[in-house]
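Colleague:
2 protein chains.
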Amino acid sequence: MQESRKKKVRGRQGSVFTKEALMSAAAAAFADRGFDGATVEFIARKARVNKAMISYHFGGKEGLYHAILLSTFAPAVERMKALRDSDQPADQQLKQFVDLFAGLVARQPRFPAMMLREVLSGGRHMDEEILPLFLTVFSTVREIVAKGIRSGQLRSVDPLLTHLSLIGALVFYFATEPLRDRLFAEGKLPVVKQPPAAFVKHMQEMVARGLAAELPKDAPGSTGD
Amino acid sequence: MQESRKKKVRGRQGSVFTKEALMSAAAAAFADRGFDGATVEFIARKARVNKAMISYHFGGKEGLYHAILLSTFAPAVERMKALRDSDQPADQQLKQFVDLFAGLVARQPRFPAMMLREVLSGGRHMDEEILPLFLTVFSTVREIVAKGIRSGQLRSVDPLLTHLSLIGALVFYFATEPLRDRLFAEGKLPVVKQPPAAFVKHMQEMVARGLAAELPKDAPGSTGD
DNA sequence: GTCTATAGGCTGATAGAC
DNA sequence: GTCTATCAGCCTATAGAC
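Line by line, the protein sequences are chains A and B.
Residue numbers for the first sequence follow this note's numbering, beginning at 1 and rising by one.
Residue numbers for the second sequence follow this note's numbering, beginning at 226 and rising by one.
1) Taking buried to mean at least 16 other C-beta atoms within 10 Å of its own C-beta, is R258 of chain B buried or exposed?
2) For V366 of chain B, decide whether its Cβ has a neighbour in chain A, counting only Cβ atoms nearer than 8 Å.
3) Could you tell me which chain A residues have their CB closer than 8 Å to the CB of D257 of chain B, listed as they occur along the chain?
4) Can you grab the Cα-Cα spacing for the pair Y65 of chain A / K372 of chain B, in whole Å?
5) Return no unless some Cβ of chain B is closer than 8 Å to the Cβ of F178 of chain A.
6) Specify the secondary structure class of A315 of chain B as computed by DSSP and reduced to three states.
7) Quick one: which chain A residues come within Cβ less than 8 Å of S390 of chain B?
8) Between K51 of chain A and the rest of its own chain, which residues show a CB-CB distance below 6 Å, the 5 nearest in sequence each way excluded?
9) Against chain A, with Cβ distances strictly below 8 Å, would F409 of chain B count as a contact?
10) Just to confirm the assignment, what range does the alpha helix (DSSP H) spanning P357 of chain B have?
11) E439 of chain B to R150 of chain A, Cα distance in whole Å?
12) Nearest chain A C-beta to V382 of chain B closer than 8 Å, yes or no?
13) So what does DSSP say about A31 of chain A, is it helix, strand or coil?
14) Can you tell me the Cβ-Cβ gap for K271 of chain B and A292 of chain B, rounded? I've got them flagged as a contact below 8 Å.
15) If we define contact as Cβ-Cβ less than 8 Å, is R117 of chain A a contact residue for chain B?
16) Starting from the C-beta of V49 of chain A, find all residues in its chain whose C-beta is less than 7 Å away, skip the five residues before and the five after it, and write them out in chain order.
17) At a CB-CB cut-off below 9 Å, which residues of chain B make contact with G37 of chain A?
18) Alpha carbon to alpha carbon, what distance is there between L386 of chain B and R380 of chain B?
19) At least one CB of chain B closer than 8 Å to the CB of G210 of chain A: is that the case?
20) Which class does L215 of chain A belong to by DSSP, given the choice of helix, strand or coil?
21) Mind pulling the chain A residues with CB within less than 8 Å of L385 of chain B?
22) Per DSSP, which one or two residues make a beta bridge with L154 of chain A?
23) Do V207 of chain A and D99 of chain A have their C-beta atoms closer together than 8 Å?
Structure (structure tokens):
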């Protein structure tokens with residue numbers, strides 16, 4: 001079976017495949033070790049690709065980092081906008097926001113940790129192309145909450161603080177999953193591990209109860225739309 | 226006034242002063258740039274101390290990092306234990322936990338970010354001395370919530386998920402404050418900046434509402450203990 | 001597009017003077 | 001305890017063969 005003809009076996013694996021392998025391996029490495037801790041040699045080894053490919057395809061380590069941010073934010077922002085502009089009550093939108101966030105994480109499991117590090121760095125690597133995308137995500141919850149308050153469906157909370165408490169809990173949860181898994185595996189957490197879906201549900205309940213408008217003394221229908 | 230006798234002017238500034246300056250500067254640098262990104266030269270410059278002092282006082286960069294974790298966790302753990310063992314209802318304890326957390330951050334503003342990076346790294350730098358302290362902090366909220374559920378004061382939530390949502394929001398908020406401040410300063414956040422106390426209050430309200438036991442149809446006193 | 005070999009720069013640590 | 005000078009190791013990037 002022509003084992004020797006490696007190039008043929010790999011097909012047109014080249015460019016696209018190599019680039020994706022590098023981006024995936026790099027996202028994990030940046031998440032685990034930070035920008036400076038993730039060496040190009042480590043990233044290339046994990047991606048099973050020659051390290052010179054990083055310069056060839058992305059113009060260097062910085063370019064690879066940037067490509068990951070852009071290719072992850074772009075589709076995420078589209079979905080966030082669609083949700084924000086959907087014609088639904090705010091409480092439904094917030095519930096769906098949590099689901100959407102979890103869905104995005106399922107596609108890019110290490111992105112929350114990588115992005116969290118970026119934010120901790122004061123956004124040092126976010127240029128004029130990335131920052132607007134980041135700010136759009138930043139505004140989604142805020143705008144949904146503001147709308148819910150205007151309509152009287154939610155109690156009068158600060159939209160920015162609400163955003164921070166919700167997205168903070170979500171990012172933290174998903175970004176820190178590797179350590180929890182390690183602690184579970186070593187028997188250092190004397191509780192049972194719950195799947196991510198349990199946390200999603202927990203957050204949806206906390207948000208629903210935490211933001212619900214105070215019930216009037218004895219109003220019958222605050223149920224429907 | 227004997228300006229030339231520097232050693233006299235500095236008094237017994239030596240050891241203690243130098244060590245504290247290094248730990249403070251290093252905590253900020255580790256928070257901002259990560260372990261690998263924070264070079265010993267940068268840390269020493271910020272501390273206005275010679276970089277050789279890092280090896281002399283802490284045995285190297287790693288030792289400095291470890292010393293910061295230990296000296297910050299030790300007193301924090303004591304306070305957490307005292308709170309957990311205090312004889313108060315769970316809802317009061319949770320409220321005070323948030324205050325306690327904010328108080329600790331006021332003393333060590335960059336520790337949340339540094340610790341968050343540590344967790345993102347899978348706890349790579351936490352040895353047998355640090356890990357138990359970390360796990361104690363990890364268990365405080367969990368145990369308070371478990372107690373509150375047993376007593377019927379809180380609804381039946383998962384204590385671990387509750388811990389993660391609360392501490393995740395808190396850590397995220399304080400760790401990411403520098404970026405928000407930058408965005409505010411650049412006019413990129415079209416909202417007014419709130420002081421940290423506002424977020425503390427927000428979290429306390431979210432927790433109180435999110436965890437409160439369902440009210441029985443018309444029970445008069447679910448107030449007292 | 002991929003790989004090897006290497007150049008050039010930066011980093012953490014420390015010997016030795018004070 | 002502090003400082004200067006120095007070094008070995010590691011890192012990113014790239015030239016050039018294939």
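Just so it is clear, CB atoms sit at the ideal spot from N, CA and C, and this is done for glycine as well.
Modeller: Here's the rundown:
1) Counted from its first residue, the second sequence places residue 258 of chain B at position 33. It counts as buried.
2) On the second sequence, residue 366 of chain B is found 141 positions in, with the first residue counted as 1. It does not; no Cβ of chain A falls within 8 Å.
3) Within the second sequence, the letter at position 32 stands for residue 257 of chain B. The answer, in chain order, is L120, S121 and G122.
4) As a first step, residue 65 of chain A must be located in the first sequence, where it is residue number 65. As a first step, residue 372 of chain B must be located in the second sequence, where it is residue number 147. Their Cα atoms are separated by approximately 45 Å.
5) Locating residue 178 of chain A in the first sequence gives position 178, counting from the first residue. Residue 178 of chain A is actually Pro in this sequence, not Phe. Yes, P178 of chain A lies at the interface with chain B (some Cβ there is under 8 Å from its Cβ).
6) If you number the second sequence from 1, residue 315 of chain B lands on position 90. The answer is helix: DSSP assigns A315 of chain B an H, G or I state.
7) Translated into positions along the second sequence, residue 390 of chain B becomes position 165. Residues of chain A passing the Cβ test: A169, Y173, F199, H202, M203 and M206.
8) Looking up residue 51 of chain A in the first sequence gives position 51. Within the same chain, and ignoring the five residues on either side of K51 of chain A in sequence, the residues whose Cβ sits closer than 6 Å to its Cβ are V40, E41 and A44.
9) Locating residue 409 of chain B in the second sequence gives position 184, where the first residue counts as 1. Under the 8 Å criterion on CB atoms, F409 of chain B is classed as non-interfacial with respect to chain A.
10) Taking the first residue of the second sequence as 1, we reach residue 357 of chain B at position 132. For P357 of chain B, the enclosing alpha helix (DSSP H) covers residues I355 to R375.
11) Along the second sequence, read from residue 1 onward, the residue named residue 439 of chain B stands at position 214. Along the first sequence, read from residue 1 onward, the residue named residue 150 of chain A stands at position 150. Cα to Cα, the separation comes out at about 27 Å.
12) Translated into positions along the second sequence, residue 382 of chain B becomes position 157. Chain A contact via Cβ: present.
13) Mapped onto the first sequence, residue 31 of chain A falls at position 31. Note: A31 of chain A maps to helix in three-state DSSP.
14) To locate residue 271 of chain B, count along the second sequence from 1; it is residue 46. To locate residue 292 of chain B, count along the second sequence from 1; it is residue 67. So it is not a contact: roughly 16 Å between Cβ atoms.
15) Position 117 of the first sequence, counted from the start, is the residue given in the question as residue 117 of chain A. By this cut-off, R117 of chain A is an interface position.
16) Within the first sequence, the letter at position 49 stands for residue 49 of chain A. Around V49 of chain A: T18, A21 and L22.
17) By 1-based counting over the first sequence, the position of residue 37 of chain A is 37. Simply G259, F260, D261, G262 and S346.
18) Along the second sequence, one-based indexing puts residue 380 of chain B at 155. Along the second sequence, one-based indexing puts residue 386 of chain B at 161. Cα to Cα, R380 of chain B sits roughly 13 Å from L386 of chain B.
19) As a working note, residue 210 of chain A is residue 210 in the first sequence. Taking Cβ atoms only, chain B reaches closer than 8 Å to G210 of chain A, which makes this a yes.
20) Your numbering for residue 215 of chain A matches position 215 in the first sequence. DSSP, read as helix, strand or coil, puts L215 of chain A in coil.
21) Along the second sequence, read from residue 1 onward, the residue named residue 385 of chain B stands at position 160. Residues of chain A with a Cβ closer than 8 Å to the Cβ of L385 of chain B are, in chain order, L189, V191 and Q194.
22) The sequence position of residue 154 of chain A within the first sequence is 154, counting from 1. In DSSP, L154 of chain A forms a bridge with A:A212.
23) For the purposes of this step, residue 207 of chain A is taken as residue 207 along the first sequence, with counting starting at 1. For the purposes of this step, residue 99 of chain A is taken as residue 99 along the first sequence, with counting starting at 1. Against a cut-off of 8 Å, the Cβ pair of D99 of chain A and V207 of chain A comes out as no contact.
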